[in-house]
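In my numbering, the protein residues as written are 114 to 330.
Report on one structure; see the data block that follows.
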Amino acid sequence: MTQSGYRTWRFNVILWKPFLILMMFAFLSTPARAADRCYSPEEVSAEKLLRLHSELMVITVACKQGSTGRDLGKAYTGFTNRYENELRKAERTLMDYYAKTHGGDGISHLDKLRTKLANDYGQQIANESAPAFCSDRRDAVTYLYDKPKAGLLTKAVSFYDTVSTYEPPCGGKPKKASQQVWMLLPTSSKTEPAKPKVKAKTVAKKTETVKNEKTAP
Numbered sequence: 114m115t116q117s118g119y120r121t122w123r124f125n126v127i128l129w130k131p132f133l134i135l136m137m138f139a140f141l142s143t144p145a146r147a148a149d150r151c152y153s154p155e156e157v158s159a160e161k162l163l164r165l166h167s168e169l170m171v172i173t174v175a176c177k178q179g180s181t182g183r184d185l186g187k188a189y190t191g192f193t194n195r196y197e198n199e200l201r202k203a204e205r206t207l208m209d210y211y212a213k214t215h216g217g218d219g220i221s222h223l224d225k226l227r228t229k230l231a232n233d234y235g236q237q238i239a240n241e242s243a244p245a246f247c248s249d250r251r252d253a254v255t256y257l258y259d260k261p262k263a264g265l266l267t268k269a270v271s272f273y274d275t276v277s278t279y280e281p282p283c284g285g286k287p288k289k290a291s292q293q294v295w296m297l298l299p300t301s302s303k304t305e306p307a308k309p310k311v312k313a314k315t316v317a318k319k320t321e322t323v324k325n326e327k328t329a330p
């Protein structure tokens with residue numbers, strides 16, 4: 114390389130150096146590719162909690178009253194206030210995830226998640242009809258509101274273990290089955306009728322009769 118050529122190359126390197134640094138910074142700060150996105154266990158639980166909250170909201174708006182005439186709006190508001198800290202933590206967890214994977218502050222993607230969840234449950238109303246939807250689900254809101262706080266969220270959120278989250282869990286496979294929160298209701302579980310009990314005296318009397326018949330000439 115001639116001396117003049119070297120000076121030209123060196124000048125170009127100096128000229129492009131700030132741009133190259135900027136490009137490297139942009140590359141390092143680029144949001145994760147879709148194929149690399151996955152939820153941590155905490156993020157999975159966060160989406161499940163917001164899924165539960167969204168389903169209760171749709172039930173409240175669509176059904177308005179429980180089977181006994183209770184106001185679902187009051188029950189839903191009470192549920193939201195009771196678990197405000199847990200709901201805020203779940204939202205913050207997902208906002209941090211969206212900021213990391215999509216860029217920005219994560220608020221817009223959280224809003225999109227809330228909208229998508231509501232639309233998914235709203236579609237179920239269209240598929241089943243409002244009367245059928247409410248017949249199965251209307252009491253889920255008051256049931257969860259009336260239950261003691263301790264352990265309820267763990268039970269309710271774990272109920273969605275078979276539900277596919279919008280991002281797959283890290284190191285795991287997305288699940289495909291679907292569950293409904295109304296299945297938590299006691300009336301949804303089927304139990305076999307108890308067998309009638311036979312009194313001890315009756316059994317003893319029958320046993321004695323059989324013995325007498327066997328010993329009779």
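A virtual CB, placed ideally from N, CA and C, is assigned to each residue, including glycine.
If you draw a straight line from the Cα of D249 to the Cα of S221, it comes to about 33 Å.
Taking a 10 Å sphere around the C-beta of G219, we find 16 or more other C-beta atoms and assign the residue as buried. Here the segment 153-169 lies against the segment 229-240, with 3 or more beta-carbon pairs under 8 Å apart. Per the Cβ contact rule, the segment 178-194 is not in contact with the segment 238-246 (fewer than 3 Cβ pairs under 8 Å). Within the segment 189-244, the complete alpha helix (DSSP H) segments of 4 residues or longer fall at 197-215, 220-241, listed in chain order. Take R150, set aside five residues on each side of it, and the residues of its chain with a beta-carbon closer than 6 Å to its own are T214, E280, in chain order. With a beta-carbon spacing of about 16 Å, L200 and Y211 fall beyond the 8 Å limit used to define contacts. Beta-bridge partners of Y256 (DSSP): none assigned.
For Y152, the pairing in a beta bridge is given by DSSP as P282.
When the beta-carbon positions are compared, Y196 and V254 stay at least 8 Å from each other. By the Cβ-count criterion, E155 is exposed, with fewer than 16 other Cβ atoms from all chains shown falling within 10 Å of its own Cβ.
Excluding residues up to 5 positions away in sequence, T278, P282 lie with their Cβ nearer than 7 Å to the Cβ of V157 in the same chain. At the C-beta level, L169 and L226 stay beyond 8 Å of one another.
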